[in-house]
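What follows is one structure encoded as structure tokens, with my remarks underneath.
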Amino acid sequence: MPVLNSMHMDKSAKDPAKIQTMFSTIAPRYDLLNRVLSLGIDGYWRKFAVSQLPKVGNARFLDVATGTCDVALEIMKRFPPDAKVVGVDFSEGMLELGKEKVRKAGYQNRIDIRFADVTSLPFEDNTFDASIIAFGIRNVQDYRKGISEMGRVVKRGGKVVVLEFTSIQNRFFRAPYRFYITKVLPYIGELISGKKGAYKYLPSSMIEFPGPEEFKKVIQAAGLHDVRYWKLTFGIAAVHVGTK
Ligand SMILES: C[S@@+](CC[C@H](N)C(=O)[O-])C[C@H]1O[C@@H](n2cnc3c(N)ncnc32)[C@H](O)[C@@H]1O
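Taking my numbering, the leading residue of the sequence shown gets 970, the next gets one more, and so forth.
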């Protein structure tokens, strides 16, 4: 499979400092590129992930790798006014845009945005009703530690929700999809963002991330139980949910 081999990712590509710089560089065009490259489907994927959060009163959620805050804002739409979110990310560039969106939407009293690394969350054990991460964990070098941190900070009985791209298994859709993500997507990404490289990293990070069954085991190994997952849009993305 030449496409796969040629997309093999150098381990240093996930060096946290490189990831941080890459996201800050593409931040100004990040939302636009998401809509264009996913043909607008990314909104549906986030909605599905948010719908897995527990419906509790006075809910406290942690949106990990919040980026430009699309998940935190989706939570605002779906939960009553007593629900609050803390959003964390380690890219200043992404957080600046996220803060601006939250302010414009008038949610600055319900969404608290902070700088933090997924692998070392600055919260006490058992703080949140759930933690959620959308398209973030793939970029974390030590993703096992990231999942374990997301589990540590949720209360007993709370949920960990992970939305991520996954290796597509549908055999008819697989070849055109691989062509799209390895050939078309980097080209459009570069054209719109004006940045070389960032959208070359995206397909390799998508292809090399564990499949849904394997990732389920990662979540179980972090001490979460009743782990379930749903494949979305022919298995392009998957949502995993585990319970503490
Ligand atoms: C593809 S964006 C996803 C943003 C947002 N969750 C969304 O749904 O659009 C990935 C985000 O993960 C963040 N990220 C990657 N590794 C991280 C880490 N170790 N700690 C905190 N944030 C991280 C990046 O800065 C970036 O904002």
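The beta carbon of each residue, even a glycine, is placed where N, CA and C say it ideally should be.
Since we're looking at a predicted model, the values are computed, not measured.
| Item | Value |
| --- | --- |
| Per DSSP, the bridge partner or partners of residue 1053 | 1029 |
| Beta-carbon spacing of residue 1097, residue 1055 below 9 Å | yes |
| Under the three-state DSSP convention, the category residue 971 falls into | Below a pLDDT of 50, predicted positions are generally treated as unreliable, and residue 971, at 29, falls in that range; no measurement from the model is reported. |
| Limits of the alpha helix (DSSP H) - the one that residue 1069 falls within | 1061-1074 |
| Residue 1105: CB within 8 Å of a non-hydrogen atom of ligand 1 | yes |
| Candidates 1177, 1162, 1043 and 1065, of which the one nearest residue 1021 by Cα | 1043 |
| Sequence ranges, beta strand (DSSP E) only - wholly within the region 1118-1206, length at least 3 | 1123-1134 and 1194-1201 |
| Residue 1198 and residue 1181 closer than 9 Å at C-beta | yes |
| Residues of its chain near residue 994, where Cβ-Cβ distance is below 6 Å and the 5 sequence neighbours each way are ignored | 1164 |
| Minimum C-alpha distance to residue 1158 - residue among 1090, 1001 and 984 | 1001 |
| Classification of residue 1095 by the beta-carbon crowding that lies within 10 angstroms, buried from 16 upward | exposed |
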